[in-house]
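Colleague: Structure incoming, see below.
2 protein chains.
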Amino acid sequence: MSKITTVVGIDIGGTNTVFGFIDKRGKCYYEKSIPTKAEEKAELLFQRLFLEINKAQKKLEKKIEVAGIGIGAPNANYYKGTVENPPNLKWGTVDILKLIKKHTTLPSVITNDANAAALGEMLFGTAKGMKNFIVITLGTGLGSGIVVDGKLVYGADGFAGELGHTIVDPDGRQCGCGRKGCLETYASASGIKRTAFELMASTLTPSRLRKIPFDKLCSKDIYDAARKGDKLALECFDITARILGYKLADTVAHLSPEAIILFGGLVSAGELLIKPVKKYMEENLLNIFKNKVKILPSALMGKNAAVLGAAALIWNELEKKYE
Amino acid sequence: MSKITTVVGIDIGGTNTVFGFIDKRGKCYYEKSIPTKAEEKAELLFQRLFLEINKAQKKLEKKIEVAGIGIGAPNANYYKGTVENPPNLKWGTVDILKLIKKHTTLPSVITNDANAAALGEMLFGTAKGMKNFIVITLGTGLGSGIVVDGKLVYGADGFAGELGHTIVDPDGRQCGCGRKGCLETYASASGIKRTAFELMASTLTPSRLRKIPFDKLCSKDIYDAARKGDKLALECFDITARILGYKLADTVAHLSPEAIILFGGLVSAGELLIKPVKKYMEENLLNIFKNKVKILPSALMGKNAAVLGAAALIWNELEKKYE
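Respectively, the protein sequence lines represent chains Y and H.
Quick note on our numbering: the first sequence kicks off at 1 and runs consecutively.
Quick note on our numbering: the second sequence kicks off at 1001 and runs consecutively.
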């Protein structure tokens, strides 16, 4: 029996690093998570990681072969193969592709999490068959990956697709990036939480959220409250959707995508978020774009989406060679 | 002697339609302008146009041959080959490529003026050798053409690149598109004029512009006044640049271009516009993009830029075939 060709998808997170062996259709043959140990040097993570990968590969070697390695990591640069000052890791700037060469001769590629997510959607998820779309990841921050004509947009320096840092209000909320009013300070898990606290301050609307301190409240609490009809929580979703929809209209004016795909914890709220995002986007669209752009939830949520995205990155690269 | 290969570049404007025979390096062998006659049907314009093109081609036939036809027109759709309700022509929606087939069997392509301008810059102008850049045309409105990885971005429907209709202020100035606060109501020849009138109303700053009625004031008057040190006129440029720079920072966050190239009457103001646009854009850029993105004037101004752009469109297409 001939072996199944897979790639290794690696997702480097602030807490855990997950890898998996993924075939061309997105089927996962093995997956494992190891602690990232944010305080450690990158070298040590990759030593531990490849020890595990090699061990797993040995176990599977009768069944599968490995054609390449794809990595999704925060602040990763596709062109340079580096990770540059990742916010949750004490790495500074590291040449990841160089590091990897110590452990493998397989073709390897790296990009940031949101770009990997976009490729994951294109190969295995909601964007299958689409050529022009955008993936927005709504986590602690707001990440984005842009696909034009079937290809990820990296731009001149590899850092294209930072929609989380387009500006909603130049005098607005303080952002982790050092500026004010960035989209991700409103439209993200932390953004909706800040909106909740703003509403608790500015209105007298009763809400169960008033019992939870800032450090404990999470977006899931707001979602749970909203589902139970909590007015303040419902307004949080409306405000988040209004700001996101308004800015997505600008994105459509740039790129005219077929769809915008939303991914991440906040999207579990489903229609509570997606319906008003669509409504507010439509309200702000130029006539020629109206009723053309779909807002869709990711098809990979609940699955090992980050690993699938990283695998899609290298699959996409391997395919380019045979074009 | 072998003949020189050229293409015909056609620029359809509200008043005049210009065509020229352009070789691969952008050299023009013949150029002529005929009245568009905005009230007439498109069919009649193309009859008159091809009569002239054929006449000219006969004159030149010992020297040149023609390989294709490129057309730049308002509201043109590259995918469909149509022009859809152009604002200054009474055409409705016309299938231009179908119309053209009555007159020629040569490969023909159409796109809007700003996209043609972007290709013109790439083949013959400031963007030579660049792979990721954006052209902004500052005329009566604000048009834009986006190039990613050496290719024009058309998006899902052929209408990508409408930066003039990104929103500066949802409660802002009335726009011709039916909405409010679009970028082109601030950053364009008509936008800077509206800014002048706003400043005349809101301040007591003396200005020579106060002697000119609304219907007569043009952006050149503001430029002339600014060059002579007129404070109000200088402030007009500063406000225009601030708004444009602020929105261009969002565009950079989407696409991370190598350069943004400004084209059009307003750009004749040179450093008076370009320097503050750069300053305000930098102020609003995310750290990773700072000091990377050039703001450059078009190299095609004063030349037959629109015809060169239309020629670049078809040259670009012909080259694709030999890739």
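We treat Cβ as the ideally placed atom computed from N, Cα and C, and that holds for glycine.
My understanding is that Ala-241(Y) touches Pro-276(Y), with C-beta atoms under 8 Å, so please give their C-beta distance in whole angstroms.
Modeller: Sequence index remark: in the first sequence, residue 241(Y) carries index 241 (1-based). Sequence index remark: in the first sequence, residue 276(Y) carries index 276 (1-based). Under the criterion of beta carbons closer than 8 Å, Ala-241(Y) and Pro-276(Y) qualify as touching, at roughly 4 Å.
Colleague: When the Cα of Gly-1158(H) is compared with those of Ile-1136(H), Val-1018(H), Asn-1115(H), Leu-1051(H), which residue comes out closest?
Modeller: Position 158 of the second sequence, counting from 1, holds the residue named residue 1158(H). Per the Cα distances, Asn-1115(H).
Colleague: With 8 Å set as the bound, which would you pick, yes or no: does the beta-carbon of Asp-1238(H) sit closer than that to a beta-carbon of chain Y?
Modeller: Translated into the one-based positions of the second sequence, residue 1238(H) becomes position 238. So, not an interface residue.
Colleague: Determine the DSSP secondary structure at Ser-1268(H), reduced to helix, strand or coil.
Modeller: The sequence position of residue 1268(H) within the second sequence is 268, counting from 1. Note: Ser-1268(H) maps to helix in three-state DSSP.
Colleague: What do you reckon, are the CB atoms on Ala-269(Y) and Phe-237(Y) nearer than 8 Å?
Modeller: Working through the first sequence from its first residue, we reach residue 269(Y) at position 269. Working through the first sequence from its first residue, we reach residue 237(Y) at position 237. For the 8 Å CB-CB criterion, Ala-269(Y) and Phe-237(Y) form a contact.
Colleague: Output yes or no for whether 8 Å exceeds the beta carbon distance between Pro-74(Y) and Asn-112(Y).
Modeller: Here residue 74(Y) is taken as the residue at index 74 of the first sequence, counted from 1. Here residue 112(Y) is taken as the residue at index 112 of the first sequence, counted from 1. Yes, they are a contact pair.
Colleague: What residues in its chain sit with their C-beta under 7 Å from that of Ile-53(Y), if we drop five residues either side in the sequence?
Modeller: Counted from its first residue, the first sequence places residue 53(Y) at position 53. So the qualifying residues of the chain are Val-8, Phe-19.
Colleague: Measure the C-alpha to C-alpha separation of Gly-92(Y) and Ile-64(Y) and round it to an integer number of angstroms.
Modeller: For the purposes of this step, residue 92(Y) is identified with residue 92 of the first sequence, where counting begins at 1. For the purposes of this step, residue 64(Y) is identified with residue 64 of the first sequence, where counting begins at 1. Near 36 Å, if we compare the C-alpha coordinates of Ile-64(Y) and Gly-92(Y).
Colleague: Which word fits Asp-215(Y), buried or exposed, when buried means at least 16 other C-beta atoms lie within 10 angstroms of its C-beta?
Modeller: Numbered from its first residue, the first sequence carries residue 215(Y) at position 215. Exposed, because fewer than 16 other Cβ atoms sit within 10 Å of the Cβ of Asp-215(Y).
Colleague: For Asp-1171(H), tell me which candidate among Tyr-246(Y), Lys-180(Y), Ser-219(Y) has the shortest Cα-Cα distance.
Modeller: Along the second sequence, one-based indexing puts residue 1171(H) at 171. Just measuring C-alpha positions, the residue of Tyr-246(Y), Lys-180(Y), Ser-219(Y) sitting nearest Asp-1171(H) is Tyr-246(Y).
Colleague: Which same chain residues, not among the five before or five after Ser-190(Y), have their C-beta less than 6 Å away from its C-beta?
Modeller: Mapped onto the first sequence, residue 190(Y) falls at position 190. The residues are Thr-140.
Colleague: Please list, in chain order, the chain Y residues whose beta carbon lies closer than 7 Å to that of Gly-1264(H).
Modeller: The count along the second sequence starts at 1 and reaches residue 1264(H) at position 264. By Cβ distance, chain Y contributes nothing, its closest Cβ being about 19 Å from Gly-1264(H), past 7 Å.
Colleague: Helix, strand or coil: which one does DSSP assign to Tyr-186(Y)?
Modeller: Taking the first residue of the first sequence as position 1, residue 186(Y) is located at position 186. Note: Tyr-186(Y) maps to coil in three-state DSSP.
Colleague: When we look at the beta-carbon of Ser-1188(H) and count the other beta-carbons within 10 Å, is it buried (16 or more) or exposed?
Modeller: For this step, residue 1188(H) is matched to residue 188 along the second sequence. Buried is the call here.
Colleague: Would you say Glu-184(Y) faces chain H, with C-beta separation under 8 Å as the test?
Modeller: In the first sequence, counting from the first residue as 1, residue 184(Y) sits at position 184. By this cut-off, Glu-184(Y) is not an interface position.
Colleague: Could you give the first and the last residue of the continuous beta strand (DSSP E) run that contains Glu-1084(H)?
Modeller: One-based indexing of the second sequence puts residue 1084(H) at position 84. Glu-1084(H) -> beta strand (DSSP E) spans 1082-1084.
Colleague: Name the DSSP beta bridge partners of Thr-1017(H), please?
Modeller: If you number the second sequence from 1, residue 1017(H) lands on position 17. Note: Thr-1017(H) sits in a beta bridge opposite Ile-1012(H), Ile-1034(H).
Colleague: Can you tell me which of Ala-160(Y), Gly-26(Y), Leu-123(Y), Ile-12(Y) puts its alpha carbon nearest to the alpha carbon of Val-33(Y)?
Modeller: The residue you call residue 33(Y) lines up with position 33 of the first sequence. For clarity, residue 33(Y) is Ser in the given sequence; the question names Val instead. Taking only the C-alpha atoms, the option nearest Ser-33(Y) is Ile-12(Y).
Colleague: Should Ile-1022(H) and Ile-1071(H) be called a contact, given that it needs their Cβ atoms to be closer than 8 Å?
Modeller: Here residue 1022(H) refers to the residue found at position 22 of the second sequence. Here residue 1071(H) refers to the residue found at position 71 of the second sequence. No, these two residues do not count as a Cβ contact at 8 Å.
Colleague: Starting from Ser-256(Y), find everything on chain H with Cβ-Cβ shorter than 9 Å and list it in chain order.
Modeller: Residue 256(Y) sits at position 256 when you count from the first residue of the first sequence. Around Ser-256(Y), the beta-carbon contacts reaching into chain H at under 9 Å are Val-1153, Tyr-1154, Gly-1155, Ala-1156, Asp-1157, Gly-1158, Phe-1159, Ala-1160, Gly-1161, Glu-1162.
Colleague: Interface residues of chain H around Ile-71(Y) at Cβ under 9 Å?
Modeller: The residue labelled residue 71(Y) in the question sits at position 71 within the first sequence. What Ile-71(Y) touches in chain H: nothing, since even the nearest Cβ is about 19 Å away.
Colleague: Let me check you understand the geometry: is the CB of Thr-185(Y) closer than 7 Å to at least one non-hydrogen atom of the ligand NAP?
Modeller: For the structure depicted, the ligand NAP is absent and the ligand set is empty, with no information on it obtainable.
Colleague: Kindly identify the DSSP beta-bridge partner or partners of Leu-1138(H).
Modeller: As a position in the second sequence, residue 1138(H) is number 138, starting the count at 1. DSSP lists Leu-1142(H) as partners of Leu-1138(H).
Colleague: Which same chain residues end up closer than 6 Å to Lys-1278(H) when comparing Cβ atoms and leaving out the 5 residues on each side of it in sequence?
Modeller: Counting from one through the second sequence, the residue named residue 1278(H) turns up at place 278. Closer than 6 Å at the Cβ level, and outside the excluded window around Lys-1278(H), lie Ile-1295.
Colleague: Does any CB atom of chain Y fall closer than 8 Å to the CB of Ala-1117(H)?
Modeller: Looking up residue 1117(H) in the second sequence gives position 117. No - not a single Cβ of chain Y is within 8 Å of the one on Ala-1117(H).
Colleague: Would you list, in sequence order, the uninterrupted beta strand (DSSP E) runs of no fewer than 3 residues that lie entirely inside the region 61-110 of chain Y?
Modeller: DSSP runs (the beta strand (DSSP E)) wholly in the region 61-110 of chain Y: 64-72, 82-84, 93-95.
Colleague: State the DSSP-derived secondary structure class of Gly-1280(H), mapped to helix, strand or coil.
Modeller: Locating residue 1280(H) in the second sequence gives position 280, where the first residue counts as 1. Sequence check: residue 1280(H) is Tyr here, not Gly. Tyr-1280(H): helix per DSSP, three-state reduction.
Colleague: Exposed or buried, which one is Asn-284(Y) when buried takes at least 16 other CB atoms within 10 Å?
Modeller: Within the first sequence, the letter at position 284 stands for residue 284(Y). Buried, since its Cβ has 16 or more Cβ neighbours within 10 Å.
Colleague: For Leu-255(Y), name the three-state secondary structure that DSSP assigns.
Modeller: Here residue 255(Y) is taken as the residue at index 255 of the first sequence, counted from 1. Here Leu-255(Y) sits in helix by DSSP.
Colleague: Using alpha carbons as the reference points, say which of Glu-1317(H), Ala-1067(H), Glu-1162(H) lies closest to Gly-1145(H).
Modeller: If you number the second sequence from 1, residue 1145(H) lands on position 145. Per the Cα distances, Glu-1162(H).
Colleague: Looking at the structure shown, is Cys-1177(H) part of a helix, part of a strand, or coil, going by DSSP?
Modeller: By one-based count along the second sequence, residue 1177(H) stands at place 177. If DSSP states are grouped into helix, strand and coil, Cys-1177(H) belongs with coil.
Colleague: Does any CB atom of chain Y fall closer than 8 Å to the CB of Thr-1251(H)?
Modeller: As a working note, residue 1251(H) is residue 251 in the second sequence. By this cut-off, Thr-1251(H) is an interface position.
Colleague: If you count every other CB in all the chains shown that lies within 10 Å of the CB of Asp-250(Y), and 16 or more means buried, which is it?
Modeller: Residue mapping note: residue 250(Y) aligns to position 250 of the first sequence, counting from 1. Under this definition Asp-250(Y) is a buried residue.
Colleague: Please report whether the beta-carbon of Leu-1286(H) lies at a distance below 8 Å from any beta-carbon of chain Y.
Modeller: Reading the second sequence from its first residue, position 286 is the one you call residue 1286(H). Yes, because at least one Cβ of chain Y sits closer than 8 Å to the Cβ of Leu-1286(H).
Colleague: Looking at C-beta atoms only, is the number of pairs between the region 1116-1124 of chain H and the region 1078-1096 of chain H that lie closer than 8 Å three or more?
Modeller: With the cut-off at 8 Å, the region 1116-1124 of chain H and the region 1078-1096 of chain H do not touch.
Colleague: Just list the alpha helix (DSSP H) runs in the region 208-250 of chain Y, keeping only unbroken ones of 4 residues or longer that don't cross its boundaries, in chain order.
Modeller: Secondary structure in the region 208-250 of chain Y: the alpha helix (DSSP H) runs of 4 residues or longer, each lying completely within the stretch, are 219-227 in chain order.
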